[in-house]
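Residue numbering for the first sequence follows numbering that gives the first Met the number 0, beginning at 0 and increasing consecutively.
Even for Gly, the Cβ is constructed at its ideal location relative to N, Cα and C.
It should be emphasised that the depicted structure is a prediction, and the values quoted were computed from it without experimental measurement.
Let me begin by presenting the structure, written as structure tokens, before commenting on it.
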Amino acid sequence: MFALIDCNSFYASCEQAFNPALRSRPVVVLSNNDGCVIARSKAAKALGVPMAAPYFQIKKLCERHNVAVCSSNYELYGDISRRVMSILADFSTESEVYSIDEMFLNFSGFDLLGVEAHALKIVQTVWQWAWIPVCVGIGPTKTLAKVANAAAKKQSKNGVFILQDQDTIKKHLAKTPIEDVWGIGRRTAEKLLQLGVKTAGDFTLLDARLVRQQFGVVYERTLRELQGVACLKLEDIEAKKNICSSRSFSRPVTELAEMEQAVTLYMTRAAEKLRAQDSYAQAVMTFIQTNRFKPLKPQHYAGKVVSLVSASQDTCVLIKAAIEGLRQGFKLGFQYQKAGVMLLDLIQNNERQFDLFTPAPDQKRETLMKTIDNLNNRFGRHTAFFGSAGLKHDWQMRCNHLSKRYTTQWDELPTCH
DNA sequence: TCTGGGGTCCTAGGACCC
DNA sequence: TCTGGGGTCCTAGGACCC
């Protein structure tokens with residue numbers, strides 16, 4: 000058996016956990032640059048605020064109903080996530096962090112009563128220790144645990160839903176729309192609909208060979224998982240194969256000098272992530288684009304890859320390469336709306352190759368990077384930074400409704416009176 | 001005025017090897 | 001009429017996830 004634990008309206012719940020005044024109000028959290036809605040508390044959903052709606056389209060609705068609007072505060076959400084995950088991991092010998100707000104647990108070896116009691120204990124403990132509401136879905140496969148979790152959110156009173164015996168599973172899948180199944184996206188749902196498959200139950204009646212032939216092996220696995228045959232196991236966290244950092248600007252940017260500052264900042268962040276998983280990049284891509292929502296303005300997209308002579312995790316080397324790529328792609332006369340960098344072809348330390356002509360790794364540089372990371376971890380991001388990032392960033396993304404980083408910054412700790 | 005930011009896996013097809 | 005049988009590596013594009 001597998002359990003999937005999913006935090007309810009995670010970002011909105013994080014905001015409510017630290018700000019009691021928000022608990023009695025509907026809450027929405029906006030994407031970076033205060034662009035779209037990416038999380039809604041239960042009350043905000045009930046008001047009809049749609050997921051992914053651009054904020055400017057629902058601003059009036061929010062004002063009318065006294066909805067609390069929050070900018071994304073990923074430093075807070077990331078830290079709360081780590082706390083929740085560490086609580087959850089203690090409820091099984093085997094776990095998988097699936098996303099910032101979801102964890103799979105191995106739940107084998109319980110009888111039905113034991114399963115339910117254990118799941119209830121999870122809901123209660125996370126609420127008591129982290130002030131985050133969660134739901135638990137349980138099933139014989141990961142895909143069925145996902146289905147069960149959705150049911151826990153929708154129809155259970157205590158936050159737990161168990162899909163165990165064949166009969167219950169069959170009845171429940173017959174009520175589950177096919178597009179709600181994990182792994183079935185919009186495109187595939189449309190194709191399935193043409194075959195007359197409307198529900199997960201219909202899907203389980205299809206022939207596995209036909210599904211493999213027409214849709215591919217991924218969907219055959221989904222089929223078998225729904226039929227109760229576990230094809231997916233819990234996964235370990237592996238090093239990322241690509242690392243990306245990108246942001247939209249708060250206003251159009253036309254000057255190369257400002258773009259260079261942005262690219263420096265983004266690469267600084269990407270390089271931190273790279274070193275945090277102790278990888279090395281062999282190539283760097285820089286991309287820039289104009290505002291695709293303004294088709295009447297001149298449009299330009301450029302993504303330039305620069306290969307490195309030898310794999311590196313040195314921010315200076317990576318920034319240089321990123322700026323080189325930027326200069327290749329940048330054109331005067333366009334209003335750029337977004338820029339980003341990607342670290343590509345990542346390898347681990349023991350996979351690095353050296354040759355006679357490239358300089359040996361520089362111990363001093365490695366120590367310097369470690370020191371910078373330590374400083375920034377301890378005293379807050381951007382304590383030590385690179386000169387090419389510049390000092391004034393009025394193009395930086397909007398975040399007009401930002402809450403405090405209550406758990407990760409000394410000067411933003413909550414105070415009690 | 002205003003529209004996010006990350007990732008993964010699989011497949012098909014081309015180019016090449018013996 | 002008719003032209004083998006086995007591989008690998010790489011890339012682009014599609015589809016999906018949160």
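Whole angstroms is fine: what's the gap from residue i's alpha carbon to residue j's?
i	j	result
Ser80	Ser8	13 Å
Gly200	Tyr97	25 Å
Gly136	Ala51	25 Å
Ala147	Leu162	6 Å
Phe17	Pro413	8 Å
Met368	Phe385	12 Å
Phe55	Thr285	30 Å
Val308	Tyr335	30 Å
Asp164	Asp100	28 Å
Thr187	Thr370	49 Å
Val48	Ser71	17 Å
Glu257	Leu390	11 Å
Val36	Leu87	27 Å
Phe160	Asn32	37 Å
Val252	Asn349	41 Å
Arg22	Met396	27 Å
Ser107	Met0	5 Å
Cys6	Met266	31 Å
Arg291	Thr167	47 Å
For residue i, which beta-bridge partners are listed by DSSP?
i	result
Gln362	DSSP output for Gln362 lists no bridge partner at all.
Phe378	Partner(s): none; Phe378 has no beta bridge.
Phe292	DSSP, once it has assigned bridges, lists no residue as partnering Phe292.
Ile242	Leu342
Thr198	Pro176
Ile137	Ala2, Ile161
Tyr265	Tyr265 pairs with nothing; no bridge assigned.
Glu95	Phe103
Tyr335	Val252, Thr289
Pro19	In the DSSP output, where bridge partners are listed per residue, Pro19 has none listed.
Gln352	For Gln352, which the question treats as bridged, DSSP gives no partner whatsoever.
Tyr279	Ile346
Pro53	Cys35
Which of the three DSSP states is assigned to residue i in this structure?
i	result
Tyr300	strand
Phe103	strand
Lys272	helix
Gly215	coil
Phe1	strand
Met284	strand
Ile322	helix
Val252	strand
Arg223	helix
Cys13	helix
Cys61	helix
Ser70	coil
Ile37	strand
Leu307	strand
Ser85	helix
Ser387	helix
Ser247	strand
Asp78	helix
Taking the continuous alpha helix (DSSP H) assigned at residue i, which residues delimit it?
i	result
Gly158	No alpha helix (DSSP H) contains Gly158, which DSSP labels as neither H nor E.
Ala188	185-193
Tyr405	Taken as a continuous stretch (DSSP letters only), Tyr405 belongs to no alpha helix (DSSP H), as it is neither H nor E.
Thr124	111-129
Considering Cα atoms alone, identify which of the options is closest to residue i.
i	options	result
Gln281	Leu209, Met341, Thr203	Met341
Ala116	Ala2, Cys243, Gly332, Lys293	Ala2
Gln327	His381, Val68, Tyr76, Gly302	Gly302
Arg220	Trp409, Gln352, Thr140, Ala42	Thr140
Arg246	Asp354, Gln15, Ser30, Arg24	Ser30
Arg63	Asn290, Arg82, Ala43, Glu74	Ala43
Gly158	Leu143, Val133, Ala173, Thr167	Val133
Thr198	Lys169, Met84, Leu325	Lys169
The beta strand (DSSP E) with residue i in it runs from where to where?
i	result
Val26	26-29
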